[in-house]
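Okay, structure first, notes after.
2 protein chains.
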Amino acid sequence: MKTPVINPTRIALMDAAERLFATRGFKSTSLRAVTALAGANLGAVNYHFSSKDSLVIAVLGRRLKPLNERGTALLDQFEKGRGGKPVKLEKILEAMFRPALELIAKPSQGGRNFLRLMAFTLAEPGKFLKPLLEEQFNEKNRRFHRALMLALPGLTESETYWKMHFSYGVFVHTISHPHILEISSHSLCKLADTERTLERIVAFCAAGFRNPTHPLKKQE
Amino acid sequence: MKTPVINPTRIALMDAAERLFATRGFKSTSLRAVTALAGANLGAVNYHFSSKDSLVIAVLGRRLKPLNERGTALLDQFEKGRGGKPVKLEKILEAMFRPALELIAKPSQGGRNFLRLMAFTLAEPGKFLKPLLEEQFNEKNRRFHRALMLALPGLTESETYWKMHFSYGVFVHTISHPHILEISSHSLCKLADTERTLERIVAFCAAGFRNPTHPLKKQE
DNA sequence: GTCTATATGGGGATAGAC
DNA sequence: GTCTATCCCCATATAGAC
């Protein structure tokens, strides 16, 4: 891995890009806008990153790796001191989502931008970025899948994957479209309290994990 | 509402746009690509829709209205013949998701494209499209929220909104990123069987609805 | 109603001065 | 390392011929 050069302009460019990509999308954000917001000149991006595409990859990579690492570290920590007994389902889910949720809590606002960008990037179809992301997540996925299988010995491998996928859906949708929740609930619900949001998500998903899937029956 | 003119070119343009927007995204799709795929000429879009923006709105509106109407119709049907007794939670969730899921099942492929486009549009930030969508969904939302409150009298209004939001998350993520599920599960899980997928989603969300949210406790 | 040609603007990337 | 000027391509939208 290349050692990232610590350069104020470089950082400013990434911050600006993170914010603009997150609010306007990748294609709709011009390098002119990025450099202007960063207080740099037009050529700066191409000098520091050599292309617009590489800039996004850099922006994503900067946060993604530490984020996933913190998740697995948290899981490790929960596993330690249990003497081989499986970690409780709720704790596993907490380890899955807490790091990303805490990014939102920080007022630094950079994390919020990043998570929006992540959601957007996931949705953006056919992009060269997807392989990168999947690669980034595959290890974490396997790790958590194993923990979940241990915690819920009744589930098959495939059922566990399905429910992991559902849980990611709950999480991604919640953090990337908070405004939808706010509007549809007529401002009754807000993400303000991170800890409470995490509890809600964890409780919802945990129940889903424990409940076996039955064929849809007729009423009564 | 303007009566939509039935014109083969117009239809072909919408189909082409639906497919291309869904696979490449809105901004990355040029009118050149759309008209080429539709077998029309470059000017056609501006003649029939007057702008690229209006084209997307037309493409979304074409499917969104009937889709939501079918959902509420299904709920109506479930409510009928229950003599005032609340509809069972599972049936409500089924009514919420079945219409969209059935779009995928059809081999006509247009529905799949549309759903991808929907997810993409939801993610696309700051777009003029968002108000339109929210407006489209607000009525359906209110309708289902009422049904859910009746089915689960123990929940507060706001808890019900939260869990609806989570459920949409499960659904949207599942249908818009099937490849993520496939890859992360090493091809163990596929969306092939619509009915089974619906069952899984409904079971997962129903459990989440029934489970109360508790503060995260220490292990054991 | 359909097509072609074109107007007009904006984009990413580059080369070369400082 | 930073900035400016510029190249060249591609986009949307329009005007006007058929």
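Heads up: the protein sequence lines correspond to chains A and B, in order.
If you read the first sequence in my numbering, its first letter stands for residue 1, the second for the next number, and so on.
If you read the second sequence in my numbering, its first letter stands for residue 221, the second for the next number, and so on.
In this text, a Cβ means the ideal position worked out from N, Cα and C, and glycines have one as well.
F424 of chain B has a beta carbon lying within less than 8 Å of a beta carbon in chain A. T380 of chain B is positioned such that its CB atom lies no closer than 8 Å to that of I421 of chain B. T433 of chain B reaches chain A at E199, R200, A203, F204, counting residues in chain order whose Cβ is nearer than 8 Å.
When DSSP states are grouped into helix, strand and coil, H434 of chain B belongs to the coil group.
Taking a cut-off of 8 Å for Cβ pairs, the segment 51 to 71 of chain A and the segment 88 to 100 of chain A touch, as three or more such pairs fall below it. When Cβ pairs closer than 8 Å are counted between the two stretches, the segment 175 to 191 of chain A is seen to touch the segment 371 to 386 of chain B, the count reaching three or more.
Contact of Y161 of chain A with chain B by beta-carbon distance below 8 Å involves L401, S404, S405, L408, C409.
Remark: three or more beta-carbon pairs, one from each stretch, lie closer than 8 Å, so the segment 223 to 239 of chain B and the segment 248 to 262 of chain B are flagged as touching. Among the residues facing chain B, H177 of chain A is included, as its CB has a counterpart in that chain under 8 Å away. For V172 of chain A, the three-state secondary structure derived from DSSP is helix.
The residues L411, in chain order, have a CB closer than 6 Å to that of T417 of chain B in the same chain once the five nearest residues on each side in sequence are set aside. Each of A:T9, A:G81, A:H145 was checked against the Cα of L55 of chain A, and the nearest Cα belongs to A:T9. A Cβ-Cβ separation of about 19 Å leaves N358 of chain B out of contact with S176 of chain A under the 8 Å criterion. Only residues of its own chain outside the window of five on either side were considered, and among them L323, I324 have a CB closer than 7 Å to the CB of G331 of chain B, listed in chain order.
Linking R116 of chain A to A343 of chain B through their CA atoms gives a straight-line distance of about 8 Å.
I312 of chain B and F424 of chain B have their C-alpha atoms spaced approximately 13 Å apart. For T174 of chain A, the closest Cβ of chain B is nearer than 8 Å.
Look at Y168 of chain A: its C-beta is under 8 Å from a C-beta on chain B.
Residues of the segment 245 to 263 of chain B with a Cβ closer than 9 Å to any Cβ of chain A, in chain order: G245, F246, K247, S248. Here A151 of chain A is not near L75 of chain A, since their CB atoms are 8 Å or more apart. The beta carbons of A427 of chain B and G208 of chain A sit about 5 Å from each other, so the pair counts as a contact at 8 Å. The residue from A:S50, A:L64, A:I6, A:G43 with its alpha-carbon nearest to that of E18 of chain A is A:L64. In the DSSP assignment, F298 of chain B falls within the unbroken alpha helix (DSSP H) covering 272 to 299. Secondary structure of L152 of chain A (DSSP, three-state): coil.
With fewer than 16 other Cβ atoms inside 10 Å of its own Cβ, E415 of chain B counts as exposed. In the assembly as shown, E135 of chain A is an exposed residue. Its beta-carbon has fewer than 16 other beta-carbons within 10 Å. Taken through DSSP and simplified to helix, strand or coil, H145 of chain A comes out as helix. Taking 8 Å as the cut-off, the Cβ atoms of E199 of chain A and L280 of chain B do not count as close.
Neighbourhood of E157 of chain A in chain B, by CB distance below 7 Å: L408, in chain order. Excluding the 5 residues flanking it on each side, A242 of chain B has same chain C-beta neighbours closer than 6 Å at N333, R336, L337, in chain order. Its Cα nearest to that of P86 of chain A, the residue A:F144 stands out among A:Y168, A:H165, A:F144, A:K27. Under the 10 Å beta carbon count, K383 of chain B is surrounded by 16 or more other beta carbons and is classified as buried.
Short of 7 Å from the beta carbon of L251 of chain B, and not among the five residues preceding or following it, lie these beta carbons of its own chain, in chain order: L262, V265, K272. Per DSSP, the continuous alpha helix (DSSP H) segment holding I324 of chain B begins and ends at 309 to 325. In the three-state scheme derived from DSSP, where H, G and I count as helix and E and B as strand, R336 of chain B is classed as helix.
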